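In what follows, a structure is listed as structure tokens, so that the remarks can point back to it.
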Amino acid sequence: MNRRLHLLRIFLLSAALAIHAAASAISCAATIDVYIAAGQSNMDGRGLVAELNGELEVWNAAQPSVLIHYTRPADTSTVGIPQLQSDWAPLAPGFSAGPGSGDALPGLHFGPELTFGHAMAEHFRDRHIAILKIARGGTSMADHWNFEPGSVGDMAAAFRQTIPSALQSLRDRGDEVRIRGMIWHQGESDTTSTPEEFGAALTNLITQFRSELGANDLPFVIGELSQSMRLYNRLRATQLAVSESMSQVGFASSTDLLPGPNDLIHFSTSSQLELGFRYAAAMQTLLVPEPHAALLVASCSLACAPRRRRFSCPRRNPRRR
């Protein structure tokens, strides 16, 4: 009798521990705010990692509090440009496939994600931040980012495949995921379009992105084309007009941003860093505060800190100490 009672107690204790563990696992699953970064070469980034020295050296390091998933889709029209993709990793320079980088990561360049991720993490200190970046130079809305049935472009197809797969990999580790916004830098390959054609295409594409992501009011920020190219003047005005005409669409200005050493199209290293801050500022104005969700994430991250040391609060400014 005593032996049976002892076994019963062990069983009940084991069951209680199992229930507690399951409840803890559910309550402690991190809620990750994902931001999509998409476009062509200025989103892929032509800032030089080698120039992150001196005053800029603070950016030449990993940021453990922000995750990034990078994809450069294969160019199906050109031989020799295969898909280049990373798994989720701490945000750092080199998630770009710029000239000279070959087909390996980390590359020699970076984009606006470097400071965008930092600024979003600093602004939302009680959130987990992740960036899902999909970009390739030389892509146009009409050909590559076309979602229309029967003429789906390679970037649109890659978007449909990459986004669900990357998000699922976060869910598979027990995290909850929500797409909070999207930043977009593209247009250099659409300079033959009239302002009317460009505006209609951009408006339609934003609507299509939101439809694909299941969020009709998803915060969306348009990055302004380089002001160093006079050819872009009419399209830049159209970009601003689209941002002002659509709900929950912001605008990241390129005023005073300088071109890099090789051409007038791509932003310099310091300007890429500044552009990321401007994307973040524009995105922050579009986001609606969610205090209850924020409190939940904050309490959960503290409880799970030993399990998620590389991705938990408190967040730190990326400074060498």
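Here our numbering is used: position 99 in the sequence shown is 461, and no number is missing along the way. C-beta: ideal position from N, C-alpha, C; glycine also. Keep in mind it's a predicted model, so treat the numbers as computed, not measured.
- For the segment 521 to 559, the full-length beta strand (DSSP E) segments reaching 3 residues or more read 538 to 547 along the chain.
- Per DSSP, residue 420 is not a residue of any alpha helix (DSSP H), being assigned neither H nor E.
- Looking at the DSSP output, residue 516 bridges to nothing.
- Listed in chain order, the non-local C-beta contacts of residue 544 below 8 Å within the same chain comprise 397, 398, 399, 400, 571, 575, 580, 581, 582, 583, local neighbours out to five positions each way being set aside.
- The residues 582, 605, in chain order, have a CB closer than 6 Å to that of residue 611 in the same chain once the five nearest residues on each side in sequence are set aside.
- Here residue 638 is buried. Its C-beta has 16 or more other C-beta atoms within 10 Å.
- At the C-beta level, residue 486 and residue 395 come within 8 Å of one another.
- Annotation: residue 438 to residue 516 spans about 7 Å, alpha carbon to alpha carbon.
- Taking the Cβ atoms as the reference, residue 627 lies roughly 6 Å from residue 588, within the contact range of under 8 Å.
- By DSSP's assignment, residue 490 forms a beta bridge with 394.
- Assignment of alpha helix (DSSP H) within the segment 548 to 635, counting only whole runs of 4 or more residues, yields 557 to 575, 595 to 607 in chain order.
- In the DSSP annotation of this structure, the continuous segment of the alpha helix (DSSP H) that includes residue 483 starts and ends at 475 to 485.
- The alpha-carbon of residue 483 is positioned some 23 Å away from that of residue 415.
- Between residue 420 and residue 472, the CB-CB gap reaches or exceeds 8 Å.
- Annotated three-state conformation of residue 445 is coil, per DSSP.
- Approximately 26 Å separates the beta-carbon atoms of residue 443 and residue 479; this is outside 8 Å, ruling out the contact.
- Looking at the backbone, the Cα of residue 512 and that of residue 597 are separated by about 28 Å.
- Taken through DSSP and simplified to helix, strand or coil, residue 640 comes out as helix.
- Where residue 503 is concerned, there is no enclosing alpha helix (DSSP H), because DSSP gives it neither an H nor an E.
- When DSSP reads this structure, residue 472 sits in a beta bridge with 409.
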